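For the sequence shown, the residue numbers in the numbering used here are 19 to 574.
Step one of this worksheet: look at the structure below.
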Amino acid sequence: MIVMAHMALYRKWRPMTFDEVVEQRHIVTTLKNSIKNNSVSHAYLFCGTRGTGKTTMAKIFARAINCLEPVDGNPCNKCVCCTGILDGSIIDVIEIDAASNNGVDDVREIRDAVMYVPAVTRYKVYIIDEVHMLSAGAFNALLKTLEEPPENVVFILATTEPQKLPATILSRCQRFDFKRITMSGLEGRIRTIAESCGVSVEKSALQLIARLSGGGMRDAISLLDQCIAQGKPEITYHDVAEISGLSAYEAVNSFARAVIDKNTPAALKAIKEIMDQGRDLKPFCSQLIEWFRNLMLIKTGGEALSLVSFSEEELKPVREAEGLLSLDDTLAIIRELSETENSLKWADDQRMVMEIAAVRLCTYGAAGSGSNAMADLEARVRFLERKLMQITDMGISSASPAVSPPQTEKKPPVSVKTSEKKAVPAEKTADPGIPEDSELKQWPDVIEELRSMKKMKVYAYLLDTKCFLSPDGTANVVIPEDDALKKTVLSRSESIEAIKEAIRNVLGTPMNIRVIDEKKLSTLSGGNPGNSDEDPLLEKLMQIARENNIPLKVEE
19 MIVMAHMALY RKWRPMTFDE VVEQRHIVTT LKNSIKNNSV SHAYLFCGTR GTGKTTMAKI
79 FARAINCLEP VDGNPCNKCV CCTGILDGSI IDVIEIDAAS NNGVDDVREI RDAVMYVPAV
139 TRYKVYIIDE VHMLSAGAFN ALLKTLEEPP ENVVFILATT EPQKLPATIL SRCQRFDFKR
199 ITMSGLEGRI RTIAESCGVS VEKSALQLIA RLSGGGMRDA ISLLDQCIAQ GKPEITYHDV
259 AEISGLSAYE AVNSFARAVI DKNTPAALKA IKEIMDQGRD LKPFCSQLIE WFRNLMLIKT
319 GGEALSLVSF SEEELKPVRE AEGLLSLDDT LAIIRELSET ENSLKWADDQ RMVMEIAAVR
379 LCTYGAAGSG SNAMADLEAR VRFLERKLMQ ITDMGISSAS PAVSPPQTEK KPPVSVKTSE
439 KKAVPAEKTA DPGIPEDSEL KQWPDVIEEL RSMKKMKVYA YLLDTKCFLS PDGTANVVIP
499 EDDALKKTVL SRSESIEAIK EAIRNVLGTP MNIRVIDEKK LSTLSGGNPG NSDEDPLLEK
559 LMQIARENNI PLKVEE
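Put into structure tokens, the structure is as follows:
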């Protein structure tokens, strides 16, 4: 029993005539007319991205100009010349890979061989693929032959990077630029191939294959070949995503929504899910860019809607986010993700790069992620407008009693000397405690003001804090108990000054700042503050001594 070797679908379904070529009608028409009119040129240059049909068109053209019985400019693929070229028995059509044959000696062999007449066919055809890989010396050796070859020789040069070719080469060729194949063209061809293989493909899977191929037919057919190899009677969207290495679309939606909602933990969780699945973060970032690109197109509206590449099912979460993000913020997010995608190419730790981008997008906001000064200014104006509306609603001014130091009852001086401790008498009164209803309602606005001031370290440490006002007008910043690091950072002079400035900007009144923990708050807020084990004045003296390295001994 003879078992036939498997042939890749992109080779099996390579077009055999001009009429089978998908799109590229502008090139097909010109080449067919040149054959019918017997006006074949001596050199052609086929330019375009991978998978757009350059080599396929070159092979069809090589058979067509040598066909004994052409049909409307197409090769018959049945005559001696056509079949001989197809099976390789006729050596008058030579394919050369310039990537591996790019030296001067390789071109000299071509120059010497063109002097011999074709063995069987009318024209000897040289198809040089990836011609931009030739060395400078090889190009120079090819110039004279390319300009004036024998009458029975045709050169077809194919390249994906025509800008790398010398101008002297470009001027000696008829140039044809191959366009990327459209989504509809790709979907139609893939559906035809799948049906011939006895496999059905979901519409969403067809759209995904076409989108991932980037306008290249060979990539699309190769991906379809992989999906068919699973042996399933139907190819689903999930199958294509799994084989192509795409991240789960749920994770993409979760990350995108987390950026919109400024939910840093959710964004970091989405990254963790991708890493746990063993996925590469660069395609994940590319999918996010595509997600926000479609949101940009939807917000732009009009003819831009025809450029949306997602299916209706994929567009549902994007449409839900349409009213939650401005167009400027959407553009800023795309810029940030594009920079991150470039960084991921060379990063040793992709996870760290992606997590930094997530924190930037969720913490700084879209306007803060770029360098657009106008966007920063607009964000600042929106913040001030919101503060003004709140002040108007509360009916207060900068002299509001809610923020001005309250009038307290005068008390006689208190000596720091107790039954157990001795110290110098003080003139200042002890802290009478913090009333239970003295929480600063504008504290979230103060924290937001710190973010707009770009004091991100102080802002981050204040996110889970509260603020209570003492009767003497001091703002007590309350931090969670046993968080020594947070207390140390917030107690620094630069942190205190930043908090003071933020309170002054929001309330219009300067205030003193004190950082305490929850345990201290419960002591100060007790029913009888005078029973506290600690003397506030003595504590203040000890703090001053510590800050100035002054030895202080407390006698009992």
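Cβ coordinates follow ideal geometry from the N, Cα and C atoms, glycine included.
All values reported here derive from a predicted model rather than from experimental measurement.
Candidates the options, of which the one nearest residue i by Cα
{"i": "Met-314", "options": "Leu-349, Gln-295, Ala-288 and Arg-126", "result": "Leu-349"}
{"i": "Ala-247", "options": "Asp-294, Leu-27 and Asp-490", "result": "Leu-27"}
{"i": "Val-58", "options": "Tyr-134, Pro-33 and Val-143", "result": "Val-143"}
{"i": "Ser-344", "options": "Glu-338, Lys-317, Cys-65 and Ala-61", "result": "Lys-317"}
{"i": "Val-138", "options": "Lys-197, Lys-538 and Gly-106", "result": "Gly-106"}
{"i": "Met-281", "options": "Glu-213, Ala-376 and Asp-195", "result": "The sequence given here has Asn at residue 281, not Met. That would be Ala-376, whose Cα lies nearest to the Cα of Asn-281."}
{"i": "Ile-239", "options": "Glu-268, Val-89, Val-270 and Ile-199", "result": "Ile-199"}
{"i": "Glu-457", "options": "Lys-475, Met-293, Leu-468 and Thr-492", "result": "Thr-492"}
{"i": "Thr-483", "options": "Ser-511, Ile-521 and Glu-536", "result": "Glu-536"}
{"i": "His-24", "options": "Ser-272, Gln-244 and Thr-73", "result": "Gln-244"}
{"i": "Asn-494", "options": "Ala-520, Val-533 and Lys-505", "result": "Val-533"}
{"i": "Tyr-255", "options": "Phe-273, Leu-230, Glu-321 and Arg-129", "result": "Leu-230"}
{"i": "Leu-241", "options": "Leu-226, Gly-341, Val-524 and Asp-130", "result": "Leu-226"}
{"i": "Glu-268", "options": "Gly-232, Glu-252, Lys-334 and Pro-251", "result": "Lys-334"}
{"i": "Ala-185", "options": "Ala-502, Ala-116, Leu-63 and Ile-531", "result": "Leu-63"}
{"i": "Met-471", "options": "Ala-516, Asp-366 and Leu-299", "result": "Ala-516"}
{"i": "Val-576", "options": "Gly-234, Phe-310 and Arg-236", "result": "Look at the range of the chain in this structure, 19 to 574, and you will see that residue 576 is not part of it."}
{"i": "Glu-512", "options": "Glu-338, Ala-502, Val-149 and Tyr-477", "result": "Tyr-477"}
{"i": "Phe-196", "options": "Arg-209, Pro-180, Val-326 and Asp-90", "result": "Pro-180"}
{"i": "Asn-56", "options": "Thr-67, Ile-83 and Ile-292", "result": "Ile-83"}
{"i": "Glu-148", "options": "Thr-527, Leu-183 and Ser-356", "result": "Leu-183"}
{"i": "Gly-69", "options": "Ala-154, Ile-374 and Gly-233", "result": "Gly-233"}
{"i": "Phe-36", "options": "Thr-67, Pro-93 and Ser-52", "result": "Pro-93"}
{"i": "Leu-508", "options": "Asp-490, Ile-374 and Tyr-479", "result": "Tyr-479"}
{"i": "Leu-575", "options": "Thr-163, Phe-302 and Leu-49", "result": "Because the chain spans 19 through 574 in this model, residue 575 falls outside it and cannot be assessed."}
Extent of the continuous beta strand (DSSP E) run through residue i
{"i": "Ile-146", "result": "142-147"}
{"i": "Ile-83", "result": "Run containing Ile-83: none in the beta strand (DSSP E); it sits in the alpha helix (DSSP H), 72-84."}
{"i": "Val-496", "result": "492-497"}
{"i": "Thr-186", "result": "It is not in any beta strand (DSSP E) - Thr-186 instead sits in the alpha helix (DSSP H) that spans 185-188."}
{"i": "Asn-530", "result": "530-535"}
Endpoints, alpha helix (DSSP H) assigned at residue i
{"i": "Arg-311", "result": "299-318"}
{"i": "Arg-32", "result": "Taken as a continuous stretch (DSSP letters only), Arg-32 belongs to no alpha helix (DSSP H), as it is neither H nor E."}
{"i": "Cys-65", "result": "Not the alpha helix (DSSP H): Cys-65 falls in the beta strand (DSSP E), residues 61-65."}
{"i": "Val-89", "result": "Per DSSP, Val-89 belongs to no alpha helix (DSSP H) and is neither H nor E."}
{"i": "Glu-41", "result": "Here Glu-41 belongs to no alpha helix (DSSP H), and DSSP marks it neither H nor E."}
{"i": "Phe-157", "result": "154-165"}
{"i": "Arg-275", "result": "267-279"}
{"i": "Met-201", "result": "201-214"}
{"i": "Glu-291", "result": "282-294"}
{"i": "Glu-515", "result": "511-525"}
{"i": "Lys-505", "result": "502-508"}
{"i": "Lys-475", "result": "474-480"}
Beta-ladder partner(s) of residue i, from DSSP
{"i": "Lys-250", "result": "According to DSSP, Lys-250 bridges with nothing at all."}
{"i": "Leu-175", "result": "Leu-63 and Ile-146"}
{"i": "Cys-485", "result": "Val-495"}
{"i": "Val-219", "result": "Ile-253"}
{"i": "Glu-457", "result": "Phe-486"}
{"i": "Phe-194", "result": "Phe-64"}
Below-8 Å beta-carbon distance, residue i vs any chain D residue
{"i": "Asn-84", "result": "Here chain D cannot be found, since the structure has a single protein chain."}
Check: residue i C-beta below 7 Å from any heavy atom of the ligand GDP
{"i": "Ala-76", "result": "Ligands in the displayed structure: none, and consequently the ligand GDP is not present."}
Between the stretch 306-313 and the stretch 282-289, are three or more C-beta pairs nearer than 8 Å? no
Go through the stretch 316-379 residue by residue and report every complete run of the alpha helix (DSSP H) that reaches 4 residues or more, in order. 330-338, 345-364 and 368-377
Across the stretch 34-42 and the stretch 199-207, are there enough close Cβ pairs to call them in contact, namely three or more that are closer than 8 Å? yes
Within the stretch 90-142, note down every full alpha helix (DSSP H) run reaching 4 residues or more, in order along the chain. 98-105 and 122-131
State whether the stretch 112-122 contacts the stretch 89-103, with contact taken as three or more CB pairs (one from each stretch) at a distance under 8 Å. no
Between the stretch 222-231 and the stretch 178-193, are three or more C-beta pairs nearer than 8 Å? As far as the Cβ criterion goes, the stretch 222-231 does not touch the stretch 178-193, which means the pair count is below three.
Assess, as a yes-or-no matter, whether the stretch 67-86 is touched by the stretch 162-182 under the definition of 3 or more beta carbon pairs within less than 8 Å. yes
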